[in-house]
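Below is one structure, written out as structure tokens, with a few remarks after it.
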Amino acid sequence: MAVYAVAATVVFVLFRLTVFLRLPLTTDVICDPDVGGAAYSSQFLTQPGSIYANAVETKPPGTYFLFHFLFTYFGKTMAVVSGFTIAYHVLCMLAIFAVGWRLTNLAGATATAFFYTTYSVVSMGNGLCANFETWTLLPTICLFLLLQIAYSAKVQRAWMLIGAGVLASTAVMFKQQAAMHVIMFGLAIIEESMNAPRNRKVYSVPKAVAFYVAGGIGATIPVMAFFAAHGGLAAMIDNLNPSNYVGYASTEGWGFLNIQFKDSLLPFLQNTRTLWGVALLGIIPLPTPKGDDAPPPAEGKVLLRAYIFASFLAVFAGTKFFDHYYMLLIPALAVMAGRWVGRVFALPQVHWALKLAAFAVIFPTAGNDIRVEFELAAKAKEMRGDIGQVEWTEESDFFWRNTPVPRYSAFSDRAKHLGECLREHASADDTIYVWDYIPQIYFYSGLNAPTRHFMYFDVATDLPRGSGRWHVSEDRRVLRERERLIRDLEEHKPRYIVTFDLPPPPPPPDEPPEEVWVHIAEHAPLFEELKEYVDENYTEADECESTYFVVLKRKGTS
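If you read the sequence shown in this note's numbering, its first letter stands for residue 950, the second for the next number, and so on.
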């Protein structure tokens, strides 16, 4: 019983740490444009045609279902999403604690859960903000745990493999990269079923695979039926078709080779150096303890390798790359590092003082890795105590190390105020078009875009090779969608167009500098037809002035 009391104490401490590190999240401010886009698109879930017919979204529907549920039953504010995100990470911590315990012992479980709790907030992985990848973590961790149980039990049950299929399908419903876990665990099931010890009653390979596949298909059917009932099945298939990505999501293939990956890899490794270091120690063979200290039969090296390999593949599997993809690696690295700690603690030949010394070195060192995130959480706690809420109002509030990105800062706060101002000056039937990637303005304004292409990098811009969002301007799919965007703008005529108010790039020699289009940021150059449409039909508005943004008003409107 003493070990369970210690485990309960450890879990309570990690629960408090999980919540503390995420105090900056407890606000109504959107922390990432991706979240703003999902919040905006989720409103179309139950409308005719559903999401994919009303918005160009190239992610599976899981996040939109989640957001729609939260907004419907708990209120349409980002504070609701923030609160759920914290609860979600607590569940992930509990699940990975259970994984660590099954792989080794209480020491290993403690280390595994600690590594997950701390490094899941790392700035270089955009850890505080729950992006699409974040929602795949819990089902993949639980999938790993369930298969561990299934292949360590004396009698294997069909529900275990069916449940694994359901979890695998659920993970993919949040982000396509989780398909790597589906495939690798499918291969692991085959190998585990073929090589199961004789003292365990395990299903044959055909039956095991059939149960796994049946669970995955069974979880998918209700989703497909939902979209069919709302007339959006064909649009969903079209949007999620990989061959259409160039026309819809803009991509150039081998996304992890782009400049964002090259620029972020070293900072990410530095941000997580202790985690990587301890995880790599797990490669070094250790003596296998005997008797009471022997590792449990659930150690399942095949499943463990499948989980680690799938997590690495998932980061690089996309046709684009962004820093938040690194989040897919954190649980696997935590399992690797925690397993090494647990195995060291299980060795009787290692003196207990040395074991405690390992904890005394590893834990503070890991804490030092996230000192910036810890200071941010402490500042949020201080604000809560002083003024009852978290406010980021100064441009000097840095979130990502030395990069002054606008998460939790004046940028997002002013986007919220701008959206509310636009709502006051527009009618419910008006539309707005938000240039560049700030879709949270749609969410805060309650106004819709006049086009499915509500995000700037769909088709509106020609970005350079290596950006991960480059469009082949002569691609017929891109040209088709650009024509559709112009038709939508001409037909629905947005009352306002919002762009970044950044220092404009130098105008071409044949263009006067006073033209409206020069307000567009240099990183989002326009295609010619869109520039001409804006120049002919819009002028700067004098209402809703805001730092960081410029509002354009349709000519002839009061």
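Even for Gly, the Cβ is constructed at its ideal location relative to N, Cα and C.
Checklist entry - Excluding five sequence neighbours on each side, which residues of the same chain lie with their C-beta closer than 6 angstroms to the C-beta of A1145? => result Within the sequence shown, residue 1145 is the residue found at index 196, counting from 1. Once the five neighbours on either side are set aside, the close Cβ partners of A1145 are V1151.
Checklist entry - Taking the alpha carbon of K1124 as the point to measure from, which residue in E1082, A1102 and G1112 has its own alpha carbon closest? => result Within the sequence shown, residue 1124 is the residue found at index 175, counting from 1. Checked all of E1082, A1102 and G1112; the closest Cα to K1124 is E1082.
Checklist entry - Using the beta-carbon count (16 or more within 10 Å), is G1057 buried or exposed? => result Indexing the sequence shown from 1 puts residue 1057 at position 108. Classification for G1057: buried.
Checklist entry - If you compare alpha carbons, which of Y1445, E1331, E1440 and Y1497 is closest to D1362? => result For the purposes of this step, residue 1362 is taken as the residue at position 413 of the sequence shown. It is Y1497 whose Cα lies nearest to the Cα of D1362.
Checklist entry - Name the DSSP bridge partner or partners of L1501? => result Position 552 of the sequence shown, counting from 1, holds the residue named residue 1501. DSSP lists I1446 and E1489 as partners of L1501.
Checklist entry - Going by beta carbon distance, what residues of the same chain come within less than 8 angstroms of A1044, once the five residues before and after it are set aside? => result As a working mapping, residue 1044 is identified with position 95 in the sequence shown. The answer, listed in chain order, is L1087, I1090, C1091 and L1094.
Next on the checklist: Could you check whether G985 and P1388 sit closer than 8 angstroms to each other, using their CB atoms as the reference points?
Outcome noted: Within the sequence shown, residue 1388 is the residue found at index 439, counting from 1. Within the sequence shown, residue 985 is the residue found at index 36, counting from 1. Cβ distance < 8 angstroms, so P1388 and G985 count as in contact.
Checklist entry - Helix, strand or coil for T1380 per DSSP? => result One-based indexing of the sequence shown puts residue 1380 at position 431. Here T1380 sits in strand by DSSP.
Checklist entry - Would V1071 be called buried (16 or more neighbouring beta carbons within 10 Å of its own) or exposed? => result As a first step, residue 1071 must be located in the sequence shown, where it is residue number 122. Flag for V1071 reads buried.
Next on the checklist: Which residues does DSSP list as the beta-bridge partners of K1150?
Outcome noted: Indexing the sequence shown from 1 puts residue 1150 at position 201. Answer by DSSP bridge pairing, in chain order: V1104.
Checklist entry - Just how far apart, CA to CA, sit W1349 and M1073? => result Within the sequence shown, the letter at position 400 stands for residue 1349. Within the sequence shown, the letter at position 124 stands for residue 1073. Note on W1349: pLDDT 43, under 50, position unreliable in the model; the coordinate value appears next. C-alpha of W1349 to C-alpha of M1073: approximately 7 angstroms in a straight line.
Item to check | Cβ-based burial, E1485 [other Cβ within 10 Å; buried from 16] | outcome: Residue numbering aside, residue 1485 sits at position 536 when the sequence shown is read from its first letter. Answer is exposed; the Cβ neighbour count stays below 16.
Next on the checklist: Can you check which of these residues, K1330, T1448 and V1264, is closest to S1495 by C-alpha distance?
Outcome noted: Working through the sequence shown from its first residue, we reach residue 1495 at position 546. Minimum Cα distance to S1495 is reached at T1448.
Item to check | Host alpha helix (DSSP H) of Q1389 (start-end) | outcome: The residue you call residue 1389 lines up with position 440 of the sequence shown. Q1389 to S1394 is the extent of the alpha helix (DSSP H) around Q1389.
Item to check | Classification of I1111 by the beta-carbon crowding that lies within 10 angstroms, buried from 16 upward | outcome: For the purposes of this step, residue 1111 is identified with residue 162 of the sequence shown, where counting begins at 1. By the neighbour-count rule (16 or more Cβ atoms within 10 Å), I1111 is buried.
Checklist entry - Using CA coordinates, which residue listed in D1187, V1290, T1021 and F1160 is at the minimum distance from I1233? => result Here the question's residue 1233 lines up with position 284 in the sequence shown. Of the candidates D1187, V1290, T1021 and F1160, the one whose C-alpha sits nearest the C-alpha of I1233 is V1290.
Next on the checklist: If the criterion is Cβ atoms closer than 8 angstroms, does the pair H1179 and T1059 meet it?
Outcome noted: Counting from 1 along the sequence shown, the entry for residue 1179 is found at position 230. Counting from 1 along the sequence shown, the entry for residue 1059 is found at position 110. Cβ distance not < 8 angstroms, so H1179 and T1059 don't count as in contact.
Checklist entry - So which of Q1097, R1433, H1366 and D1379 has the shortest CA-CA distance to C1493? => result Counting from 1 along the sequence shown, the entry for residue 1493 is found at position 544. That would be H1366, whose Cα lies nearest to the Cα of C1493.
Next on the checklist: Does E1373 come out as helix, strand or coil in the three-state DSSP assignment?
Outcome noted: Counting from 1 along the sequence shown, the entry for residue 1373 is found at position 424. It is helical.
Checklist entry - When the distance is taken between beta carbons, is T1061 closer than 8 angstroms to G1049? => result Translated into positions along the sequence shown, residue 1049 becomes position 100. Translated into positions along the sequence shown, residue 1061 becomes position 112. Going by C-beta atoms, G1049 is nearer than 8 angstroms to T1061.
Item to check | Cα-Cα separation between P1453 and W1384, rounded to whole angstroms | outcome: Translated into the one-based positions of the sequence shown, residue 1453 becomes position 504. Translated into the one-based positions of the sequence shown, residue 1384 becomes position 435. Annotation note: pLDDT 48 at P1453 (below 50); position unreliable, no value reported.
Next on the checklist: Here's the rule: buried if 16 or more other CB atoms are within 10 angstroms of the residue's CB, otherwise exposed. What is H1300?
Outcome noted: Within the sequence shown, residue 1300 is the residue found at index 351, counting from 1. Counting Cβ neighbours within 10 Å, H1300 comes out exposed, since fewer than 16 surround it.
Next on the checklist: Quick check: the Cα distance between G1011 and A1306, rounded to an integer number of angstroms?
Outcome noted: The residue given as residue 1011 occupies position 62 in the sequence shown. The residue given as residue 1306 occupies position 357 in the sequence shown. C-alpha separation (whole angstroms): 44 angstroms.
Next on the checklist: I'd like the list of long-range same chain contacts for N1193, defined as Cβ closer than 7 angstroms, with 5 residues on each side in sequence excluded.
Outcome noted: Your numbering for residue 1193 matches position 244 in the sequence shown. So the qualifying residues of the chain are D1187 and R1426.
Next on the checklist: Spatial neighbours of V968 within its chain, please: C-beta separation below 7 angstroms, excluding the five flanking residues on both sides.
Outcome noted: As a working note, residue 968 is residue 19 in the sequence shown. Once the five neighbours on either side are set aside, the close Cβ partners of V968 are I1035.
Item to check | With 16 other Cβ atoms within 10 Å as the buried cut-off, status of Y1386 | outcome: Translated into the one-based positions of the sequence shown, residue 1386 becomes position 437. Buried, by the Cβ-count rule.
Checklist entry - For the putative contact between V1131 and V1115, defined by C-beta atoms under 8 angstroms, what is the C-beta separation to the nearest angstrom? => result Numbered from its first residue, the sequence shown carries residue 1131 at position 182. Numbered from its first residue, the sequence shown carries residue 1115 at position 166. That belief does not hold up - the Cβ atoms of V1131 and V1115 are roughly 11 angstroms apart, past 8 angstroms.
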